[in-house]
Amino acid sequence: MAAATAWALVIRPEPFSDWLYYWRAAEGSVAYERGGVLLFVLRGLQQISLPPHLAALVINSISALAILAVAYQANGRRLGLPLLLVFAYLLAITPYHAVVQLDLSSTALLCAGIWLLAANWPPERRAWAVGLSVVLMVFAVSSRPQFFLILMVFSALLGLAAAIAHAVAPPRRLKVAAAPLVLAAGALLGFALDSALRAEAGRSEAVRTNSAVTLYAGLLSSGTTPGTCGHWSPKATHDARADADLPLLEAVPARLRQQAPEYWLQVIRCKVRTIALPDAYALYWSLGAPEGSSEPADRSVNPHLQAAIPHLYGWEGRGYRVLLLLTYFFILATAIRNGRKGRWLEAALPLLWLASFWLVHAVFEVQARYFLPLFLVLPLMAAPGMGGLSGGRAERKAGQVLPDTGERMTR
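Read in order, the letters of the sequence shown are residues 2 to 412 in the numbering used here.
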């Protein structure tokens, strides 16, 4: 928090591009198109005259603390690798905390909702926990439409895995999992809330345009050049607008027929590196405007900091890559350990979360920041307190400290 506060006070990043839209939408100066319930939180901070970088700092600092609290609970209220990896990721994106973005705050809502669903609550509190879990996931999806696709794919994969495990495991060892249904319900209701807010603003058609652009950028209008394939481009926006009068069920097959199937496979192969090992993004969004933005953020940067920026980018990139590899190694080691113990669903849980992101972004637009929720939630999926999400039982009751066996999580 100290590092994020110092960065915000020194750099004072102004909103631009998508972030400028969120700021203006919260003000009410532009019609609602996206942002969900978190826009109302941002509006509340605007009412007390906080500048953009401080408003973002407040929201994102609270969100980071909430994510750490969830990680602490999921890891049995003790220090362990899941908590350390989450903390390291939040530290790695310190410059992002002062940016007017909803990625971190919506991820905090999602983390809390998933943990409430996974925790082993007493019977008299279970219904309340599930209800609150759905509410938090609804808020998260309404504020970050990407979560709709991710949760729908994840719930389908989790349901399939639970059905297979139920078929091969003795009935006494595995109960039927309700978690996939709850996850899907949260995703659908969140999408419905976002659509209702858009309809109230008279911008119902925006969902067709916005969703189409991500699809066209990610696949239909994408080239096969490494580093740019799957990313946003003016061509993607142009093609999406050109097809705006056509239903997606007509426009998509028509676009696919324009190239051989081998070409589309080549596009997906080109995106593999960006999807599996995305680049660092926190400095990029805090210090400079993205490609396609009309102007860089309007701010002055200390000359000494300006000279150090290339070195900062290099250190950030190397450190971020190491952190992602450590996260992958941890979930793989945890999956192998759980598999050897015959806990197949617990072993599969983080792998299914990973597969959900990879499958969605194999088709849709890729940006490095889109993977923030992947790497913050991924360690939680391997934590001992998340077993209930797989239809089994968490290793502890909510609020109960695990016995002194936590060293197995850090070996």
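Even for Gly, the Cβ is constructed at its ideal location relative to N, Cα and C.
Backbone secondary structure at residue i - three-state DSSP
{"i": "Asn121", "result": "strand"}
{"i": "Val31", "result": "coil"}
{"i": "Ser222", "result": "coil"}
{"i": "Phe192", "result": "helix"}
{"i": "Gln47", "result": "helix"}
{"i": "Glu201", "result": "helix"}
{"i": "Ala304", "result": "Sequence check: residue 304 is Pro here, not Ala. DSSP places Pro304 in helix when its eight states are reduced to three."}
{"i": "Trp316", "result": "helix"}
{"i": "Gly133", "result": "Contrary to the premise, residue 133 reads as Leu rather than Gly in this sequence. Helix at Leu133."}
{"i": "Gly36", "result": "coil"}
{"i": "Leu111", "result": "helix"}
{"i": "His232", "result": "coil"}
{"i": "Ala180", "result": "helix"}
{"i": "Pro374", "result": "helix"}
{"i": "Arg25", "result": "helix"}
{"i": "Arg1", "result": "The structure shown does not extend to residue 1, since the chain is modelled only from 2 to 412, so the question has no answer here."}
{"i": "Pro227", "result": "coil"}
{"i": "Arg409", "result": "With a pLDDT of 35 at Arg409, under the threshold of 50, the modelled position of that residue is not reliable, and the figure given next carries that caveat. If DSSP states are grouped into helix, strand and coil, Arg409 belongs with the helices."}
{"i": "Asp19", "result": "helix"}
{"i": "Asp104", "result": "helix"}
{"i": "Pro311", "result": "helix"}
{"i": "Pro291", "result": "For Pro291, the pLDDT reaches just 39, beneath the cut-off of 50, and the residue's location in the model is therefore unreliable, leaving the point undetermined."}
Alpha helix (DSSP H) segment containing residue i, residue limits
{"i": "Lys272", "result": "262–277"}
{"i": "Ala369", "result": "Counting along the chain, Ala369 falls outside any alpha helix (DSSP H), and DSSP gives it neither H nor E."}
{"i": "Glu251", "result": "249–257"}
{"i": "Tyr97", "result": "Run containing Tyr97: none; DSSP gives neither H nor E here."}
{"i": "Tyr53", "result": "Just to set this straight, residue 53 is Pro in the shown sequence, not Tyr. Taken as a continuous stretch (DSSP letters only), the alpha helix (DSSP H) holding Pro53 covers 53–75."}
{"i": "Trp286", "result": "283–288"}
{"i": "Phe358", "result": "345–364"}
{"i": "Arg209", "result": "207–216"}
{"i": "Leu80", "result": "Per DSSP, Leu80 belongs to no alpha helix (DSSP H) and is neither H nor E."}
{"i": "Ala383", "result": "First-last for Ala383: undefined, no H or E at that position."}
{"i": "Trp8", "result": "3–12"}
{"i": "Arg242", "result": "235–243"}
Heavy atom of the ligand GTP within 7 Å of residue i beta-carbon
{"i": "Leu377", "result": "Looking at this structure, you won't find the ligand GTP or any other ligand, since it has none at all."}
request  = Inspect the CB distances between the segment 35–52 and the segment 347–357 and report whether three or more fall short of 8 Å.
outcome  = no
Cβ contact check for the segment 55–66 and the segment 269–288: 3 or more pairs under 8 Å = no
ask   = Could you give the uninterrupted runs of the alpha helix (DSSP H) lying entirely in the segment 320–344, keeping only those of 4 residues or more?
value = none
query = Can you find at least 3 beta carbon pairs, one from the segment 103–117 and one from the segment 375–386, that sit closer than 8 Å?
reply = yes
request  = Indicate whether the contact test is met: 3 or more Cβ pairs, each with one atom in the segment 134–144 and one in the segment 33–43, closer than 8 Å.
outcome  = yes
query = Given 8 Å as the limit, is there contact between the segment 330–348 and the segment 359–368, that is, 3 or more CB pairs closer than that?
reply = no
key: Inter-stretch contact at 8 Å, needing at least 3 Cβ pairs: the segment 236–244 / the segment 208–216   = yes
query = If you pair each beta-carbon of the segment 122–133 with each one of the segment 361–380, do three or more pairs fall below 8 Å?
reply = no
request  = Would you check if the segment 318–327 and the segment 267–283 touch, i.e. whether three or more CB-CB distances between them fall below 8 Å?
outcome  = yes
task = Evaluate contact between the segment 10–25 and the segment 94–106, counting only Cβ atoms and requiring at least three cross-stretch pairs below 8 Å.
result = yes
query = For the 8 Å Cβ check, are there 3 or more pairs between the segment 367–379 and the segment 83–101?
reply = yes
contact_flag[the segment 181–196, the segment 129–139] where n(CB pairs < 8 Å) is 3 or more = yes
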